[in-house]
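Numbering (full-length UniProt numbering), first residue to last: 1 to 313.
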């Protein structure tokens with residue numbers, strides 16, 4: 001069976017991911033993966049700008065990724081940027097500069113495309129069943145929600161209420177104040193009306209969280225149970241009662257204390273509080289016994305397209 005190699009670069013608002021894979025027609029093998037907290041949205045996202053410092057970090061990271069890709073002799077590279085670049089007034093200029101200086105062509109994808117790729121990634125992980133699920137992916141700039149089954153998508157939408165935006169707007173005190181949590185929740189309530197209507201219409205019975213914050217929440221849960229995640233496991237269950245316990249802990253600790261929680265990682269420590277407030281809000285409308293957490297998301301959605309013989313974007 002012939003194999004070919006490909007590289008996927010997911011340039012998120014907070015984190016850049018590199019995934020190098022070998023495709024064999026029916027499945028894929030991960031050759032290498034890396035994530036770097038570039039924080040592309042920091043210092044500018046609320047003004048629709050990519051700050052100079054953030055661009056510098058992005059260039060440094062993309063050069064590093066390009067070296068790794070070239071080292072593997074890969075010429076099929078799919079790079080895409082999401083909310084931070086999509087909404088920045090200087091986003092197109094940044095994309096052009098990356099192409100000229102580094103030789104990486106970046107596809108800036110719409111919120112709709114992002115939601116679709118996230119769905120395909122979640123589906124590839126085996127997280128879905130015959131039931132109707134609400135899927136969510138909390139990025140730094142946007143949050144994608146999808147309602148569907150393993151067979152089809154009924155509804156999907158991207159909302160510009162990602163972790164970095166919520167952090168900038170509501171998380172001024174550390175630990176976060178109860179009134180800041182309240183303000184954040186009422187903001188979500190007003191912004192997420194289309195989602196609440198879709199939940200009412202399709203009545204999802206399960207909640208699936210993709211990657212990012214959900215990875216860290218399950219890491220904290222597994223650490224507290226003194227269990228290890230198995231290599232090759234892509235789907236995890238987080239009992240809602242355990243999420244609530246972790247959420248209470250996150251709300252009452254400051255940054256330094258949060259960093260000491262077993263399972264916490266530095267790149268997630270700032271955003272995890274507001275992201276957990278958003279999960280808590282969603283659980284009011286989709287009450288479940290456990291949240292299914294998919295380790296696969298956007299970048300694996302791109303891989304699933306490559307496997308199907310389609311161009312990733």
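For glycine and all other residues, C-beta sits at the position ideal for the given N, C-alpha and C. Every value quoted in this text rests on a predicted model; they were computed, and no experiment measured them.
### Span of the alpha helix (DSSP H), counted from its first residue to its last, around residue 249
240-252
### Query
Going by DSSP, what residues sit across from residue 157 in a beta bridge?
145
### According to DSSP, residues forming a beta bridge with residue 294
210, 235
### Task
Go to residue 124, then tell me how far its alpha helix (DSSP H) extends in each direction, as first and last residue.
111-125
### Query
Three or more beta-carbon pairs under 8 Å between the stretch 26-41 and the stretch 100-114, yes or no?
no
### Task
Answer with buried or exposed for residue 204, where buried requires no fewer than 16 other C-beta atoms within 10 angstroms of its C-beta.
buried
### Burial state of residue 114 (16 or more Cβ within 10 Å)
buried
### Task
Would you list the residues sitting across from residue 32 in a DSSP beta bridge?
20
### Message
Does residue 308 pass the burial test, meaning 16 or more other C-beta atoms within 10 Å, or should it be called exposed?
### Response
exposed
### Query
Between which two residues does the beta strand (DSSP E) containing residue 5 stretch?
4-11
### Message
Taking the alpha helix (DSSP H) that residue 87 belongs to, which residues open and close that run?
### Response
83-87
### Query
Between residue 48 and the rest of its own chain, which residues show a CB-CB distance below 8 Å, the 5 nearest in sequence each way excluded?
87, 88, 89
### Query
How many angstroms separate the CA atom of residue 99 from the CA atom of residue 62?
11 Å
### Buried or exposed (CB count within 10 angstroms, at least 16 for buried), residue 258
buried
### Task
Grab me the residues of residue 239's own chain with a C-beta within less than 6 Å of its C-beta, minus the 5 sequence neighbours each way, in chain order.
290
### Task
Kindly indicate the opening and closing residues of the alpha helix (DSSP H) around residue 137.
First-last for residue 137: 133-138, but that is the beta strand (DSSP E), not the alpha helix (DSSP H).
### Query
How about the stretch 281-301 and the stretch 125-136: do they share at least three Cβ pairs that are nearer than 8 Å?
yes
### Message
With H, G and I counted as helix, E and B as strand and the rest as coil, what does DSSP make of residue 77?
### Response
strand
### Query
Can you name, in chain order, every residue of its own chain whose Cβ lies under 6 Å from the Cβ of residue 198, other than the five neighbours on each side?
147, 155
### Task
Using DSSP bridges, identify the partner residues of residue 108.
81
### Task
Confirm, please, whether the CB-CB distance from residue 10 to residue 299 is below 8 Å.
yes
### Query
Apart from the five residues just before and just after residue 85, which ones in its own chain have a Cβ nearer than 6 Å to its Cβ?
91, 108
### Test item: CB-CB of residue 142 and residue 83 under 8 Å
yes
#### Entry: Residue range of the unbroken alpha helix (DSSP H) whose run includes residue 262
Where residue 262 is concerned, there is no enclosing alpha helix (DSSP H), given that its DSSP letter is neither H nor E.
### Task
Excluding the 5 residues preceding and the 5 following residue 40 in the sequence, name in chain order all residues of the same chain whose CB lies nearer than 6 Å to its CB.
13, 54, 58, 84
### Task
For residue 310, count neighbouring C-beta atoms within 10 Å of its own C-beta (all shown protein chains included) and say buried if the count is 16 or more, exposed if not.
exposed
### Task
Give me the Cβ distance between residue 267 and residue 167, rounded to the nearest whole Å; I'm assuming they're in contact under 8 Å.
That pair is no contact at about 13 Å.
### Query
Applying the criterion that 16 or more other CB atoms from any shown protein chain within 10 Å of the CB defines a buried residue, is residue 66 buried or exposed?
buried
### Task
For the alpha helix (DSSP H) holding residue 67, just list the boundary residues, first then last.
52-71
### Task
Would you kindly work out how many angstroms separate the C-alpha atoms of residue 211 and residue 2, rounded to a whole number?
30 Å
#### Entry: residue 207 versus residue 23: straight-line alpha-carbon distance, rounded
30 Å
### Task
Give the secondary structure of residue 274 by DSSP, where H, G and I count as helix, E and B as strand, and everything else as coil.
helix
### Task
Take residue 218 and list the residues in its own chain whose beta-carbon comes closer than 7 Å to its own, dropping the five residues that flank it on each side.
236, 238, 293
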